[in-house]
Amino acid sequence: MAIDKQPRQASSPGLSRDVIVAAALRVADAEGVAALSMRRLATELDSGVMSLYRHVANKDALLTAITQAACDEHPYPDPAPDDWREAMRLAARLDWEVYCAHPWALVTSSSARHFSDTTCLDWMVDALAGLTDDPDLARSFAIAVWSYVQGVCIQHVAQQLLPGGDEREQSPLRATEADFETGLETLLDGMEQRALRTAPSRAPRTFSAPGGRPPA
Numbered sequence: 001m002a003i004d005k006q007p008r009q010a011s012s013p014g015l016s017r018d019v020i021v022a023a024a025l026r027v028a029d030a031e032g033v034a035a036l037s038m039r040r041l042a043t044e045l046d047s048g049v050m051s052l053y054r055h056v057a058n059k060d061a062l063l064t065a066i067t068q069a070a071c072d073e074h075p076y077p078d079p080a081p082d083d084w085r086e087a088m089r090l091a092a093r094l095d096w097e098v099y100c101a102h103p104w105a106l107v108t109s110s111s112a113r114h115f116s117d118t119t120c121l122d123w124m125v126d127a128l129a130g131l132t133d134d135p136d137l138a139r140s141f142a143i144a145v146w147s148y149v150q151g152v153c154i155q156h157v158a159q160q161l162l163p164g165g166d167e168r169e170q171s172p173l174r175a176t177e178a179d180f181e182t183g184l185e186t187l188l189d190g191m192e193q194r195a196l197r198t199a200p201s202r203a204p205r206t207f208s209a210p211g212g213r214p215p216a
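Numbering (the UniProt record's numbering), first residue to last: 1 to 216.
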């Protein structure tokens, strides 16, 4: 890697990890993660390239940092709701908000190189204790919810992920929020039935339909 010897590199008085991550978020949101590089970020911050490496080790570390920052905008609550269905709805909606605000996170949050924090997965598995005593089944359920959210969000934000994409040009197959909610409830229904078949002697601890209405 060549060293940028521009005079401005020597002094970056306002530079910090938080400042760098915030600028990287702006670039990723506006131009996509493919456009995000240390040199592009240095231009954004009016800084020398090598000054950035004092705060962020490399681009992979930068992508990890902005992915975490995007997720931190919509954190899962602690403690989780007692009702497992409400907990899954909440996790799904929070992730929906993250991906709609930062479509590139659909890619980086699924890459072990860029994001390997299992805190949210552990939160979901713990919340699913109200549905099943089997930790492996609970983990599979949590992954299913995540995969569902990501799949629907890809349809919802696909135009933004394409180079030169125009958000106004929407596919007739684009998923709406209503589609998202309907599909989520269908998935949760299936999870409940699978849990009952796996352990027929154990009924789920709670069940509530959206809005607190009892099931029909």
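Beta carbons: idealized from backbone N, C-alpha and C, even for Gly.
Inset, instruction - Out of Tyr148, Ala80, Gln150, point me to the one whose CA is closest to Trp123's CA. - result: For the purposes of this step, residue 123 is identified with residue 123 of the sequence shown, where counting begins at 1. If we check each option's Cα against that of Trp123, Ala80 comes out closest.
Legend entry - Neighbour-count burial assignment, Tyr99, 16 or more Cβ in a 10 Å radius: Indexing the sequence shown from 1 puts residue 99 at position 99. Under this definition Tyr99 is a buried residue.
Inset, instruction - Note down the Cα distance separating Asp189 from Val145, rounded to an integer number of angstroms. - result: Start at 1 with the first residue of the sequence shown, and residue 189 comes out as number 189. Start at 1 with the first residue of the sequence shown, and residue 145 comes out as number 145. Going by the C-alpha atoms only, they are around 12 Å apart.
Legend entry - Cβ-based burial, Ile20 [other Cβ within 10 Å; buried from 16]: By 1-based counting over the sequence shown, the position of residue 20 is 20. Its Cβ being crowded by 16 or more others within 10 Å, Ile20 is buried.
Inset, instruction - Give the range of the alpha helix (DSSP H) segment to which Ser51 is assigned. - result: By 1-based counting over the sequence shown, the position of residue 51 is 51. Where Ser51 is concerned, the enclosing alpha helix (DSSP H) stretches over 49-52.
Inset, instruction - Output the boundary residues of the alpha helix (DSSP H) element that contains Val27. - result: By 1-based counting over the sequence shown, the position of residue 27 is 27. Val27 -> alpha helix (DSSP H) spans 17-31.
Legend entry - For Ala105 and residue 218, believed in contact at Cβ under 8 Å, the rounded distance: The shown model of the chain, from 1 to 216, leaves out residue 218, and the question about it has no answer.
Legend entry - Arg213 (DSSP reduced to helix, strand or coil): Here residue 213 is taken as the residue at index 213 of the sequence shown, counted from 1. Because the pLDDT at Arg213 is just 42, under 50, the model does not fix this residue reliably, and the value given afterwards should be weighed accordingly. Arg213 falls in the coil class under three-state DSSP.
Legend entry - Exposed unless 16 or more other CB atoms sit within 10 angstroms - verdict on Arg213: Looking up residue 213 in the sequence shown gives position 213. At Arg213, the pLDDT of 42 sits below 50, so the modelled position is not reliable; the number obtained from the coordinates is stated separately. By the neighbour-count rule (16 or more Cβ atoms within 10 Å), Arg213 is not buried but exposed.
Inset, instruction - With DSSP as the reference, label Gly14 as helix, strand or coil. - result: Working through the sequence shown from its first residue, we reach residue 14 at position 14. In this structure, Gly14 counts as coil in the three-state DSSP scheme.
Legend entry - Sequence-distant residues of the same chain with beta carbon closer than 6 Å to Glu97, five excluded per side: Numbered from 1 along the sequence shown, position 97 holds the residue referred to as residue 97. So the list reads His74, once near-sequence residues are dropped.
Legend entry - Per-residue DSSP class, three states only, for Pro135: By one-based count along the sequence shown, residue 135 stands at place 135. Of the three classes helix, strand and coil, the one that applies to Pro135 here is helix, per DSSP.
Inset, instruction - Give the single residue among Thr67, Thr64, Met38, Thr43 whose Cα lies nearest to the Cα of Arg54. - result: Counted from its first residue, the sequence shown places residue 54 at position 54. If we check each option's Cα against that of Arg54, Met38 comes out closest.
Inset, instruction - Indicate whether Val27 and Glu44 have their beta-carbon atoms separated by less than 9 Å. - result: Reading the sequence shown from its first residue, position 27 is the one you call residue 27. Reading the sequence shown from its first residue, position 44 is the one you call residue 44. Closer than 9 Å, so yes.
Inset, instruction - Within the same chain, show all residues whose beta-carbon is closer than 7 Å to that of Leu52, passing over the 5 residues directly before and after it, in chain order. - result: Counting from one through the sequence shown, the residue named residue 52 turns up at place 52. Excluding residues within five positions, the ones whose Cβ falls inside 7 Å are Ile20, Met38, Leu41, Ala42.
Inset, instruction - Starting from Leu36, follow the alpha helix (DSSP H) in both directions and report where the run begins and ends. - result: If you number the sequence shown from 1, residue 36 lands on position 36. No alpha helix (DSSP H) contains Leu36, which DSSP labels as neither H nor E.
Inset, instruction - May I have the straight-line CA-CA distance separating Leu187 from Thr119, to the nearest angstrom? - result: Sequence index remark: in the sequence shown, residue 187 carries index 187 (1-based). Sequence index remark: in the sequence shown, residue 119 carries index 119 (1-based). When rounded, the distance between both Cα atoms is 22 Å.
Inset, instruction - Run the CB neighbour count on Thr132, radius 10 Å, all protein chains shown included, and call it buried at 16 or more, exposed below. - result: Your numbering for residue 132 matches position 132 in the sequence shown. The residue in question, Thr132, is buried, as its Cβ has 16 or more Cβ neighbours within 10 Å.
Inset, instruction - Give the straight-line distance between the Cα atoms of Ala91 and Met191, rounded to the nearest whole angstrom. - result: On the sequence shown, residue 91 is found 91 positions in, with the first residue counted as 1. On the sequence shown, residue 191 is found 191 positions in, with the first residue counted as 1. Roughly 15 Å separates the two Cα atoms.
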